[in-house]
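Undergrad: In case it helps, mature numbering (1 follows the signal peptide of the UniProt record, and there is no 0) puts the sequence shown at residues -30 to -1, 1 to 1238. Here it is, the structure, as structure tokens.
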Amino acid sequence: MKTSPRLPSRVLSLLLGALLFSGCISPVSEGERPCPCTDGWTCCPDANVCVADASRCEQLRPPKPPEPTTPSAPREVSAMTDPGTVTLTWFEPAQNGGSAITGYDVGVEPHDDGIQVQVDGTSAVVTGLRAGGTYRFTVTANNAVGVSPAARVDSVNLPDVPTAPVALGVVRGDRQVRLTWNAPASDGGRSVLHYVVTAHPSGASVATDSPVLTTTVSGLTNGAASTFTVHAVNAVGAGPASAESAAVVPAALPGAPVSVAASPGVREVSVSWQPPEDTGGLPVSGYVVTASPGGTTHQVEGAASEATFTSLQDDTEYTFTVSARNDVGQGPGSSTASARTHAPPGAPASVQAEPGVRSLTVAWEPPVSDGRSRLTGYTVVAQPSGRRIAVGADQHGAVLEDVPSTKAQTISVVARNAVGDSPAATAGKPVKSRPTPVEVTRLDTPSAVRGCQPVTYTLRQVDGERADVLVEFDATGSGTFTRATQAADSYYERTSGLVSLSTSTQGTDHTFRWNRPTDLPGAAPEARLRITATVPGTASSTRTHTVALTPPERRCEVNLDTGPVQRVTPEVAGMSHGLALGDFNQDGKLDLAARHDNSPGVTFLRGLGNGAFEAENSPHLSMTAAHLVSADLDRDGSLDLIAAEANYCRCVSFLRGQGNGAFEQPVINSVLDAVSHSSTYDITPPAVLDVDGDGAPEVVVSQRDSLLVLRHTGGGRLAVAFREPFAPRGAVVTGDFDQDGLVDLMVVGPSLHGFYGRGLLTFTKEFLGTLDGPVPHAVTTDFNGDGHLDIVALVVGNRESSIHLLPGDGHGRFTAPVRLHQHTWQSFGIWSHLIAGDLDGNGTQDLAYVHADSDTLTLLQGRGDGTFESRTLTTGMHPSYLVAADFNGSGKTDLAVLSGMHHTVHVIWDLELPTRPDIGWLFATGDFDGDGHTDVASLVDGGVQTHLTRAGGGFEHRGPAPVPPGIWKLLVDRFDSGPTMDLLAMRATSTPRNRALVLLRGNGDGTFAAAEELSLEGVTSGALSNLVAAGDIDGDGDLDLAVTTWREEGGFSTYDVHLLHNQGEGHFVDAGVLTTYSTLSKLALKDLNRDGRADLVVLRSTYPSFELVMFEGRANGSMVKVREYTPVISACAPFGLMFADLNLDEHMDLAVTCAGSAAGGVIPMFGSSNFVFYDREFLRTGGSAAGLTASDLDGDGLPELLVATPEQRAVCILPSRGHTDWGSARCFGTLTAPHDVALLDVDHDGVPEVLTGGGPLLGSGTTLLRLR
């Protein structure tokens, strides 16, 4: 192929450049210029340049051109393919051979028919090529000389159609199929533009808009199978079709089932339905049933049309939907169907329980709802016993048998159907079954022990109910039984008492210690003993036993006909606050617990059963409290203590009882409100009772600004269940004041507030009136016999107190207060207390009241109509609290009175006081009428009177014999030579200060000759002091005297001891000063060495105790000091001195009493030969000890010690425990503070009585006590 020649446009440029390069043309820079030239320049015509040197023109002449040749091959041939076309481009040859390029030729191999080449310059377009073919191309250049070498392009591949797509996938749909495939293995060299899908056999096709690998073919018929092919299309064209897909049937989800219904049952529902009208083109393979709530589903296969849901919730509305399922999937849910499962029945109504003997009769009404399921029966349960009974649905009552009677039972009734049990319906309040009677299964009388007759017996009761016991005897055979006197158990093993004794199914053994010598002091051949045991609310059980009796050899115990006195704590400082009453150690005898300021905090006073108490050593219980009450708050069968205090801890403390008289450390509950300022009545005694009727007690506390009800939550912890702020505070009394069957609370203070119970610790509050002042204590009962609760309030004002009766009207209101009692006080009247009860046993309600400003108790004995008769009983000093109970088992009420200032408890037995004889406070005893029986001489108004004892009892009074004024000491003995008893009296005058001795000579008939003042010749050293002793110093048969005189030297007191020798007929002469001391306490003349002459003992105080100085009497009337002796004792302020053969060894022994509240007591000292004494263990009396004496009171041959204790207002007996020991002091109350104590047989029955007197410093009055 040839091209047309064309003049190259760059030839001239190449020639010019060559000339310039060869130097033929000088550049202007050398001074040449183009022709024409100026003068002096030469034009070189071949170069058209002016030169300065013409010779250079030759140099500038161009060379001759070379001969032309063929061009070199075109350069950089490239090929670009299109479908059926290749476009070639190249560059002109590097050398044209010196001849212009005239054209180019393009060659194609293989050269198929229809191929055309169109050359344009240095490019060419080849058409008519075969798709997918491979070609080689050549390009040559032409010039005038010829053809250049060929430039080649080998293996140019043209694009092809794509290959077939592969891996067709089909997913059926509703009247459509979604296809997916993989791209062709080759796109033919050109990108796939789109795909075409064809359905078979319908032939319908769908083209994609882009080269995506999926599409959906619509418009198909559900249920008709189709296959599909796909071919790809690129710029070349459509490629081959793919292999046919798997056959696919278009289908839809089934429609919703129809006619869905639900039928309820017991915790199940059955659901039914009909198939859907549209199955989606495929058979229904199953159904899905869904329940709501819960979302539980059931899968049902095949053509089933029913499903049952089980384990559903009772009484629950369920909604069900049903969905059909085919091979496509699960269709839409149906319309819903609902059903409520059967429910348990409602609670039975109107449950009531009536107690029977170990049974409860329960009645109820059927429930309002049966839960849509027929009732099948009822179950009745009693808790905590767990007794139950099941009855049929047609019964509305049942009897629970074998219900233990020890605890109140909560009765619940449950209705039952096929679903289950209803909620429990309970009776309004817990109810106790009535107990079965106790059985006395054994009764025996072992041998007497120390004068006491043990009575052993066994109590059997199926539930272990506690039983009260009465022990009686009949010694006459008449069939009339008398209550047996209970003896104390302080010396023996602890035995059983009379109240709340334990029983058991097998039988529990008990022992009653019968004080037989008191009940039957004389001889009786036999006696019938009868034990009567009673569980409260049941019939009594009795058992009798005949016991042979022998005359009692001794007393069982020594008791006086007055109540005992017990010291609460040995501490002196602080106060004792309140008494709590109960059988804390569960031994059948009532005990006391007292709270006081110092260690141990709370003292347990163990009841001995005979009306006395014994203070037990208690661990220190750290607590502060103003009030103390007892209750089984935790319901464990043991009494606990609850204490309240408002000013320091603002707390209510719980002390858990251990059932043995001990208490655990208090649990402090700081639940009380803070008060703006403190006062005496910031808190009143708490009340413990079941307020809400749930069987568990609550604690009710009134303080200055609020009323609280506290609930025990366990472990002694108390939580506030109700709080009502109001002012002012007051005492709380509880009861059903409005007679609606619910507990009401009355707060009695300067204003009276009623809190009327409405159930569940809710109350209606009402102001009811005012009183005259603070009310520390109030009581409630029916005082006027009208069947309504009344209130009696103790109102304490400014140095005035009064007791008011508020009669109740039965509607919770009260009429105007009636003042029952009023008195004034000076110092301690705020410490007062008031109790109520049938104290005198006549069936009407009485009141007892004490206050610390008086030494008496006011007993207001009710007449039953709201009026009272007042009676005054003497108590210990400064009484501040009292409780009432039968402490000695006599069947009558006793009163225990606390003296908080003196830490003592006085018990008034049977509301009776000892005898106050018509005897003066200063007395001496002796046989003044010569009948062999001891009489009494006492100082009365007008002189000295003699009180002669007589066999019929009582005294025969003689005199009085006139005496000079100032008599304050009496000494009885034979001071003259006559056989009758005389009186030596010491007389004192203040102006001038002097003491003298006055002798009253006995006439032998109980009268005395005229008083004569003795002349004490030789006694000149000082004034006669207050000490005198009588004894036969020289053995001449006449009583001599030892007296003391007092003088002051240098501001110090000095006491001289004088011996006065009796010259006969009561004439005394001073034998001189025996010894001199700075202190003296007592003088005594006794024959210590058994030589027939009196020896002198001087008792003198030496810190911290005392010294005994002993002088031996000589035949010449002189005395020689033989010994000084100080016993081993930590502290003792000596007061009384007594001599007797205490250990029966025929040696004179002595005992010294010690004064002082904490150190009061007696120290015995046993004598031997040569004036040697050995001190024994110190015997405490619980208070300051004064006069003492010794005598065998119980008949065991050994002397008891009797000690007057003025601080306690008591005389204490220390019983002998062998030859060298004494038991703990048992103290008995007196009417006055005793200083002296003496024994005499008033009625000549061989049993001595005890006479106590006030002494010279402690007031007037005597008390006569009889042995019981």
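We put the beta carbon where it would ideally sit given N, CA and C, even for glycine.
Since S175 sits in a beta bridge, which residues does DSSP pair it with?
TA: Here the question's residue 175 lines up with position 205 in the sequence shown. DSSP, once it has assigned bridges, lists T168 as partnering S175.
Undergrad: Is there contact here, the segment 859 to 876 with the segment 593 to 610, by at least three beta-carbon pairs under 8 Å?
TA: No, they do not touch.
Undergrad: Given this structure, state the Cα-to-Cα distance separating L986 from D1040, to the nearest angstrom.
TA: If you number the sequence shown from 1, residue 986 lands on position 1016. If you number the sequence shown from 1, residue 1040 lands on position 1070. The alpha-carbon atoms of L986 and D1040 are separated by roughly 7 Å.
Undergrad: Going residue by residue through the segment 968 to 1030, where are the continuous beta strand (DSSP E) segments of at least 3 residues, counting only ones entirely within it?
TA: 993 to 1001, 1010 to 1019, all fully within the segment 968 to 1030.
Undergrad: Cα separation between A1180 and T845?
TA: Reading the sequence shown from its first residue, position 1210 is the one you call residue 1180. Reading the sequence shown from its first residue, position 875 is the one you call residue 845. Their Cα atoms are separated by approximately 10 Å.
Undergrad: Does DSSP put residue 1278 in a helix, in a strand, or in coil?
TA: The displayed coordinates of the chain run from -30 to 1238. Any statement about residue 1278 would go beyond what the structure contains.
Undergrad: Let me confirm a value: D1115 is counted as buried when at least 16 other C-beta atoms fall within 10 Å, else exposed. Which label applies?
TA: Looking up residue 1115 in the sequence shown gives position 1145. So D1115 ends up on the exposed side.
Undergrad: Cutting at 7 Å between CB atoms, please list the residues of its own chain near V298, excluding the five before and the five after it.
TA: Position 328 of the sequence shown, counted from the start, is the residue given in the question as residue 298. Taken in chain order, the residues that qualify are A221, A222, L223, G250, L252.
Undergrad: Who are T108's beta bridge partners in DSSP?
TA: Within the sequence shown, the letter at position 138 stands for residue 108. DSSP lists G77, R122 as partners of T108.
Undergrad: Grouping DSSP H, G and I as helix and E and B as strand, with all else coil, what is C1102?
TA: The residue given as residue 1102 occupies position 1132 in the sequence shown. C1102: coil per DSSP, three-state reduction.
Undergrad: Counting beta carbon pairs with one atom in the segment 779 to 789 and one in the segment 817 to 835, are three or more of them shorter than 8 Å?
TA: No: the two stretches stay apart, fewer than three of their Cβ pairs being nearer than 8 Å.
Undergrad: Alpha helix (DSSP H) containing R148: first to last residue?
TA: Numbered from its first residue, the sequence shown carries residue 148 at position 178. Taken as a continuous stretch (DSSP letters only), R148 belongs to no alpha helix (DSSP H), being part of the beta strand (DSSP E) at 146 to 152.
Undergrad: What's the gap between the Cα of R1070 and the Cα of L1235?
TA: Translated into positions along the sequence shown, residue 1070 becomes position 1100. Translated into positions along the sequence shown, residue 1235 becomes position 1265. Rounded to the nearest angstrom, the two C-alpha atoms are 32 Å apart.
Undergrad: So H747 and L764 are in contact, right, with Cβ under 8 Å, and what is the actual spacing, rounded?
TA: Taking the first residue of the sequence shown as 1, we reach residue 747 at position 777. Taking the first residue of the sequence shown as 1, we reach residue 764 at position 794. Indeed they touch by this definition, with Cβ atoms about 5 Å apart.
Undergrad: Since V47 contacts V123 with CB under 8 Å, what's their CB separation in whole angstroms?
TA: As a working mapping, residue 47 is identified with position 77 in the sequence shown. As a working mapping, residue 123 is identified with position 153 in the sequence shown. Indeed, because the Cβ distance is near 5 Å, the residues count as touching under 8 Å.
Undergrad: Count the other C-beta atoms from every protein chain shown that fall within 10 angstroms of the C-beta of H647, then say buried if there are 16 or more, exposed otherwise.
TA: The residue you call residue 647 lines up with position 677 of the sequence shown. Its pLDDT being 47, under 50, H647 is placed unreliably by the model, and the measurement read from it follows with that caveat. Result: exposed.
Undergrad: In terms of residue numbering, what span does the alpha helix (DSSP H) encompassing L30 cover?
TA: As a working mapping, residue 30 is identified with position 60 in the sequence shown. Looking at the DSSP string, the run of the alpha helix (DSSP H) that includes L30 is 26 to 30.
Undergrad: Helix, strand or coil for W938 per DSSP?
TA: For the purposes of this step, residue 938 is taken as residue 968 along the sequence shown, with counting starting at 1. If DSSP states are grouped into helix, strand and coil, W938 belongs with the strands.
Undergrad: Going straight from the alpha carbon of G1223 to that of S1100, what length do you get?
TA: As a first step, residue 1223 must be located in the sequence shown, where it is residue number 1253. As a first step, residue 1100 must be located in the sequence shown, where it is residue number 1130. Roughly 29 Å between the two C-alpha positions.
Undergrad: How many angstroms separate the CA atom of T539 from the CA atom of A1000?
TA: Your numbering for residue 539 matches position 569 in the sequence shown. Your numbering for residue 1000 matches position 1030 in the sequence shown. Roughly 40 Å separates the two Cα atoms.
Undergrad: Please return the same chain residues whose Cβ sits closer than 6 Å to the Cβ of G665, not counting the five positions on each side in sequence.
TA: On the sequence shown, position 695 is the one that residue 665 refers to. Around G665: A378, P400.
Undergrad: Please state the DSSP three-state secondary structure of P487.
TA: Here residue 487 refers to the residue found at position 517 when the sequence shown is read from its first residue. Three-state result, P487: helix.
Undergrad: Tell me A137's beta-bridge partners as DSSP assigns them.
TA: Counted from its first residue, the sequence shown places residue 137 at position 167. Beta-bridge pairing links A137 to no other residue.
Undergrad: Taking the Cβ atom as the reference point for each residue, do S196 and A217 lie within a distance shorter than 8 Å?
TA: For this step, residue 196 is matched to residue 226 along the sequence shown. For this step, residue 217 is matched to residue 247 along the sequence shown. Taking 8 Å as the Cβ cut-off, S196 and A217 qualify as a contacting pair.
Undergrad: Does the segment 966 to 981 touch the segment 928 to 942, meaning 3 or more C-beta pairs lie closer than 8 Å?
TA: Touching, yes, given that three or more Cβ pairs across the two stretches are closer than 8 Å.
Undergrad: With DSSP run on the structure shown, which of helix, strand or coil describes W243?
TA: Taking the sequence shown and counting its residues from 1, one reaches residue 243 at position 273. Correct three-state label for W243: strand.
Undergrad: Which same chain residues end up closer than 7 Å to N387 when comparing Cβ atoms and leaving out the 5 residues on each side of it in sequence?
TA: For this step, residue 387 is matched to residue 417 along the sequence shown. So the list reads P314, P315, D340, G341, S343, R344, L345, T346, once near-sequence residues are dropped.
Undergrad: Who are K1052's beta bridge partners in DSSP?
TA: Sequence index remark: in the sequence shown, residue 1052 carries index 1082 (1-based). Paired residue(s): L1069.
Undergrad: Less than 8 Å between the C-beta atoms of L722 and G739, yes or no?
TA: Counting from 1 along the sequence shown, the entry for residue 722 is found at position 752. Counting from 1 along the sequence shown, the entry for residue 739 is found at position 769. Yes, they are a contact pair.
Undergrad: Under a three-way DSSP split, which group does W879 fall into?
TA: Walking along the sequence shown from the start, residue 879 turns up at place 909. W879 falls in the helix class under three-state DSSP.
Undergrad: Leaving out five residues before and five after V230 in sequence, what residues of the same chain have Cβ atoms less than 6 Å from its Cβ?
TA: Position 260 of the sequence shown, counted from the start, is the residue given in the question as residue 230. Result list for V230: W243, V292, S304, A307, in chain order.
Undergrad: What are the partner residues of M545, as DSSP defines its beta bridges?
TA: Counted from its first residue, the sequence shown places residue 545 at position 575. Answer by DSSP bridge pairing: none, since M545 is not bridged.
Undergrad: Give me, in chain order, the residues of the same chain whose beta-carbon lies closer than 6 Å to that of S382; leave out the 5 immediate sequence neighbours on both sides.
TA: As a working mapping, residue 382 is identified with position 412 in the sequence shown. These residues qualify, in order along the chain: V351, A394, T396.
Undergrad: Could you give the DSSP three-state label for E1177: helix, strand or coil?
TA: Here residue 1177 refers to the residue found at position 1207 of the sequence shown. In this structure, E1177 counts as helix in the three-state DSSP scheme.
Undergrad: Could you say which of G729, D835, D825 lies nearest to M847 if we only look at CA atoms?
TA: Taking the sequence shown and counting its residues from 1, one reaches residue 847 at position 877. Looking at the Cα atoms, D825 is the closest of the given residues.
Undergrad: Quick check on F707: does DSSP put it in helix, strand or coil?
TA: Position 737 of the sequence shown, counted from the first residue, corresponds to residue 707. Coil, per DSSP.
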